[in-house]
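A.B. asks:
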Amino acid sequence: MGSRLIQYKGFLTTEKIAAGMTAAGQNAKRLADDAQRLFDAERYPSALSLAVLSLEESGKHSILREMSTATTGEQILGLWKRYRRHTSKHTLTLMPERIANGARRAIEFAECVEGGATEEKATYDSLKQLGFYTDCLGNGHWSIPTDVIGRGIAEMLVRFAITTSATEKVTTNREIELWVTHMQAGFTRPRLIAWASAMVSEGLSPEGYVEEMAEFTAGLT
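With positions in the sequence shown counted from 1, the corresponding number in the working numbering is that position plus 90.
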């Protein structure tokens, strides 16, 4: 084996960010498809762990978008730390339970973003590990994946991973350029709506996307 791979920590062009988002989306779909196959074979622990990994890959998209508007070395280093920290990418992992409880708008998922629900994110990351490995926990109790992970929670996460990854598409350089144009001065709801409108105008998003975005972000400042 060669020397340890060096992880990149610098700025990225819009073209490279688009390529990274496309790669993450495609890998998220691969992992979700594998999770579905394992679920169908009643291999629930492995299915759950792969579903969580799929949602982590999809969770890279928002971090990469933030990289496109980063202007300082401190910002970009912080974003790379989030990109490689598992719990920072559990934004989507927390959503299925909230959707089941009626959440539909962005404001209702606010605690899922970076900095919020840290204990819950850590729990899901531990659950992912429990689906793969045995461990000795608590008062000397052996944790066995097939004893810990049942059909119910595996089904919820596999279904959401399949749904989330099915919406992933090739991200174009132009999409990220438009994002930088509208968000460089800071993220706000009006700027997000303006970006969505530009996406529709250039044929990068379907008709109705602006209205969907406006409904989803209602209540945000």
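Where a beta carbon is used, it is the ideal one built from N, C-alpha and C, also for glycine.
What are the partner residues of residue 226, as DSSP defines its beta bridges?
C.D. replies: Answer by DSSP bridge pairing, in chain order: 232.
A.B. asks: Kindly list the residues whose CB is nearer than 8 Å to the CB of residue 292, restricted to its own chain and excluding five residues on each side of it in sequence; keep chain order.
C.D. replies: 264 and 268, listed in sequence order.
A.B. asks: Looking at C-beta atoms only, is the number of pairs between the stretch 121–141 and the stretch 196–208 that lie closer than 8 Å three or more?
C.D. replies: These segments do not touch.
A.B. asks: Near residue 117, which residues of its chain fall below 6 Å by C-beta distance, leaving aside the five closest residues on each side in sequence?
C.D. replies: Cβ neighbours of residue 117 beyond the five flanking positions: 147.
A.B. asks: Would DSSP call residue 306 helix, strand or coil?
C.D. replies: Helix.
A.B. asks: Counting along the chain, where does the alpha helix (DSSP H) carrying residue 173 start and finish?
C.D. replies: It spans 163–174 - the alpha helix (DSSP H) in which residue 173 sits, taken as one unbroken run.
A.B. asks: Report the option in 102, 180 and 241 whose CA atom is closest to the CA atom of residue 215.
C.D. replies: Among 102, 180 and 241, the Cα nearest to that of residue 215 is on 180.
A.B. asks: Would a C-beta distance cut-off of 8 Å place residue 104 and residue 158 closer than the cut-off?
C.D. replies: Yes, these two residues count as a Cβ contact at 8 Å.
A.B. asks: Measure the C-alpha to C-alpha separation of residue 49 and residue 120 and round it to an integer number of angstroms.
C.D. replies: One cannot answer for residue 49 here, as it falls past the ends of the chain, which runs 91 to 311.
A.B. asks: For residue 110 and chain D, any beta-carbon pair shorter than 8 Å?
C.D. replies: In the displayed structure, chain D is absent; only one protein chain is listed.
A.B. asks: Which residue wins for smallest C-alpha separation from residue 273, given the options 288, 193 and 98?
C.D. replies: The residue with the shortest Cα to Cα distance from residue 273 is 288.
A.B. asks: Hey, residue 167 and residue 99: beta-carbon distance below 8 Å or not?
C.D. replies: It is a contact, given that the beta carbons lie within the stated cut-off.
A.B. asks: Alpha carbon to alpha carbon, what distance is there between residue 139 and residue 126?
C.D. replies: One C-alpha to the other measures close to 11 Å.
A.B. asks: Use the C-beta contact count for residue 153: other C-beta atoms within 10 angstroms, 16 or more gives buried, fewer gives exposed.
C.D. replies: By the neighbour-count rule (16 or more Cβ atoms within 10 Å), residue 153 is buried.
A.B. asks: Quick one: Cα of residue 247 to Cα of residue 130, how far?
C.D. replies: Going from the Cα of residue 247 to the Cα of residue 130 covers about 14 Å.
A.B. asks: In chain order, what residues of the same chain have a beta carbon less than 7 Å from the beta carbon of residue 282, not counting five sequence neighbours either side?
C.D. replies: Once the five neighbours on either side are set aside, the close Cβ partners of residue 282 are 303 and 307.
A.B. asks: Distance check for residue 229 and residue 202, CA to CA, integer angstroms please.
C.D. replies: Spanning the two alpha carbons is a distance of roughly 32 Å.
A.B. asks: Cutting at 7 Å between CB atoms, please list the residues of its own chain near residue 210, excluding the five before and the five after it.
C.D. replies: Correct list, in chain order: 184.
A.B. asks: Can you grab the Cα-Cα spacing for the pair residue 177 / residue 169, in whole Å?
C.D. replies: Rounded to whole angstroms, residue 177 to residue 169 spans 13 Å at the Cα level.
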